[in-house]
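Q: Protein chains in written order, with the working numbering: chain U, 3 to 214; chain L, 240 to 598.
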Amino acid sequence: MLESGEITIALPKGRLEKSVQKLFAACGIDFQFEDRKLTACSSDGKFRFFLVKNSDLPTYVRHGIAGIGICGEDVLYESGTVFTKVMRLNCGQTRMCLAGRAGAEKPQPGRKLKVASKFTRFAADYYNNLGTPIEIIKLNGSVELAPVLGLTDYIVDLVETGSTLTANRLEIIDVLKEISVYMIVNPSYYKMRYAEIDALVALLQGGQNGNG
Amino acid sequence: MKRNNKALLQNPQGTDSFCMEEAAFHRKIAGRFSEILTLWGYLPVQTPIFDFYDIYSDYVKSEDVYRLTDREGDLLLLRNDVTLFLAKQISSLLEPKNLPLRVFYSDTILRHENKTDISKNEFFQTGAELFGVGGEKGDLEILFLLEEMLASLPIQTFLHLGSRKLFNLACAGLPPEITPSLATVVRNRDFELLTSILAPVCSESQIDRFRRLFSFIGPPKAFASFAESLDSQPLREEALYIAALGEKTARLFPNAEIRTDTSEIGERNYYTGMVFRVYTEHAATEIAGGGRYDTLMEHFGTTCASVGFSLMQRKIESLPTLRSKTSPQPFVTLTGDDTAELYLKAKSLREQGEIVKLC
């Protein structure tokens, strides 16, 4: 919980892990997760890193177990929690899309939309704001199967290259939001350690712009 | 009768229970606070556990509170914010002959929180309110009192001092419909979103000035220098005023970290002047907050300068630094068959201040 001393940073397991590690290394902050270990210290002892499941990351930061986290907007939105966003990262960008079977009828304005999605909060808020009634079936993975098997006509999901959609004969109907990755901070942690965090952000921004 | 396990094992969201050593510790902290407040001439007040909802509806979010209907069909609100309930109760006492009025409270609050968001839950507030003292005199009394109460605890605190007035002045001339969203993004320090909200109505240089003004965090002295650079006289005056409050408090409480933080503009829309929040290590959210709310009393039919603060007592009690430095009180156990004889021995020991249990 929010301690003085080393700065604590939660990193998401998976696709972002290596690119974030590379960014830190470019700025002189080296760390390695030993085999199957989920915590690591930077070689200068100033930072402690935790490797956590992407969707759990906001929970660790919200409770102050990690002061800082690296997280996509999709996960942040679903968590429903407000964090201090201190930096947008130049990696991991993706798109939140509405997709359906290739050649399928497009959703009609004002007609109830039935979608499968992992991102239920985002989908509900997005379509409620447009005034479109929506029924959402929550799935935890392989969402592309829903239209293929006839569970729903549409899905709301993240699309990176679109190859999974194509392989399942689906296509993007609408791009709902460009999704970025942010460095987030527990608001209280930021307030207490703003000078150190601002210095870290300046360092990483320099690294990101090729000046690291 | 078969028991419902959920009802047996869980409390509804927004409520809390604590007992024995934990409750004793709670009372000890409350007692310490109460002692300080009494020495400052503050008198205790007790507010009702529920009141008519309508009178508070401008100041509460319906999704965050518990409401119920009474037998006459009136909609009621369970106490979710002691300051609000207190403002109504005290409004009838605010005649010039009674001012200034100093009151304090120590009470439970009931709020609906997200089931998984245990970090924000708070169930007990201790606080002080000062009525009838406007300007620097009242602001400093409240800041000094709060710092004295915090100094009575073995914790390092960080007081972040800002101003709702500064925000209101900066928003003058902007379309009023964007002000609530702007207030949210300033509080959250989301300057990317701030830029997109202001872009349709402001020039780039105006946005840059707004952003620079509300991203400042630093020592009061540095804020005073920053304030001197502000073009607008009302903004400069308010910024210098806040910097002066911070400097005066920092001089008297050298062990506390006092920072000027312009993103502190108060979560409640009833604030009108200085606002502040207090942070500490091992707490995932603030442990105290408050400020000046000179126009709130108008809502309850009277006019009075008002300023105060609330301490999130349950959050403070759970701080490990506090727990480790507070040992349970020792006690003596008397054993024997003759209870009357034990009682007399115990009575004599109790008169000497010992805690005695009979076995």
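Note that CB positions come from ideal geometry on N, CA and C, so glycine has one too.
1. Run through the segment 445-529 of chain L for me and flag every whole beta strand (DSSP E) of 3 or more residues, listed as ranges in chain order.
2. Indicate the three-state DSSP secondary structure (helix, strand or coil) for U/V63 in the structure shown.
3. Based on the DSSP secondary-structure assignment, which residues constitute the bridge partners of L/H265?
4. Say whether chain U places a C-beta atom closer than 9 Å to the C-beta of L/F548.
5. Which of helix, strand or coil does DSSP assign to U/V203?
6. By DSSP, does L/T560 sit in helix, in strand, or in coil?
7. Could you name the residues of the segment 420-445 of chain L whose beta carbon sits closer than 8 Å to any beta carbon of chain U, in the order they occur along the chain?
8. For U/Y196, go through chain L and note every residue whose CB falls closer than 9 Å to its CB, in chain order.
9. Could you name the residues of the segment 389-416 of chain L whose beta carbon sits closer than 7 Å to any beta carbon of chain U, in the order they occur along the chain?
10. With a cut-off of 8 Å on the beta carbons, I'd call L/I504 and L/F397 a contact; round off their distance for me.
11. Taking just the CA atoms, how far does L/T578 sit from L/C598?
12. For L/V321, which residues does DSSP report across the bridge?
13. Whole angstroms are fine: how far does the CA of U/R171 sit from the CA of U/A106?
14. Quick check for students: name the residue ranges of the alpha helix (DSSP H) that lie wholly in the segment 39-113 of chain U, counting only runs of 4 or more.
15. Assuming contact is defined by CB atoms lying nearer than 9 Å, are L/V425 and L/L433 in contact in what I supplied?
16. For U/Y192, would you say it is in contact with chain L, using Cβ-to-Cβ distances shorter than 9 Å as the test?
17. Here's the rule: buried if 16 or more other CB atoms are within 10 angstroms of the residue's CB, otherwise exposed. What is L/M259?
18. According to DSSP, is L/G575 helix, strand or coil?
19. Using DSSP with H/G/I as helix, E/B as strand and the rest coil, what is L/H538?
20. Using a C-beta to C-beta distance shorter than 9 Å, which residues of chain L count as neighbours of U/V84?
21. Suppose you measure from the CA of U/Y191 to the CA of L/T519; what does that come to, to the nearest Å?
22. Should L/Q568 go down as buried or exposed, given a rule of 16 or more other Cβ atoms within 10 Å for buried?
23. Beta-carbon of U/N188 versus every beta-carbon of chain L: anything under 9 Å?
24. Report buried or exposed for U/V177, applying the criterion of at least 16 other Cβ atoms within 10 angstroms of its Cβ.
25. Given a cut-off of 9 Å, decide if L/F343 and L/V284 are closer than it, judged by their beta-carbon atoms.
26. Helix, strand or coil: how does DSSP classify U/K193 here?
27. Under a Cβ-count criterion, where at least 16 other Cβ atoms within 10 Å of its own Cβ denotes burial, should U/L59 be classed as buried or exposed?
28. To the nearest angstrom, how far is it from the Cα of U/G102 to the Cα of L/F539?
29. In terms of alpha-carbon separation, which member of L/P393, L/V571 and L/T418 lies closest to L/P559?
30. For my contact list, L/F465 and L/F455 are in at a C-beta cut-off of 8 Å; report their separation, rounded to the angstrom.
31. Is the beta carbon of L/S330 sitting closer than 9 Å to the one on L/V514?
32. The beta strand (DSSP E) that contains L/D346, what's its start and end?
33. Pick out whichever of L/K336, L/A438, L/C441 and L/L469 has its Cα sitting closest to the Cα of L/L452.
34. Is any beta-carbon of chain U found at less than 9 Å from that of L/R516?
35. Do L/T488 and L/I497 have their CB atoms nearer than 9 Å?
36. If you check the beta carbons only, do L/S345 and L/F257 fall under 9 Å apart?
A: Taking the coordinates as given:
1. 496-500 and 513-519
2. helix
3. None; L/H265 has no bridge partner.
4. no
5. helix
6. helix
7. N427, R428, D429 and E431
8. I456, G457, R498 and D500
9. From the segment 389-416 of chain L, only F397 and H399 have a Cβ closer than 7 Å to chain U.
10. Not confirmed; about 17 Å, so no contact.
11. 9 Å
12. Looking at the DSSP assignment, L/V321 forms no beta bridge with any residue, so it has no partner.
13. 11 Å
14. 59-64 and 75-81
15. Judged by their CB atoms, L/V425 and L/L433 are nearer to each other than the 9 Å cut-off.
16. yes
17. exposed
18. coil
19. helix
20. T423, R426, N427 and D429
21. Approximately 9 Å, taken between the alpha carbons.
22. exposed
23. Contact of U/N188 with chain L is assigned, a C-beta pair being separated by under 9 Å.
24. The residue is exposed, with fewer than 16 neighbouring Cβ atoms inside 10 Å.
25. Contact flag set, yes.
26. Residue state for U/K193 is assigned as helix, using DSSP reduced to three classes.
27. buried
28. Distance between the alpha carbons of U/G102 and L/F539 is about 56 Å.
29. L/P393
30. 6 Å
31. no
32. L340 to T347
33. L/L469
34. yes
35. yes
36. no
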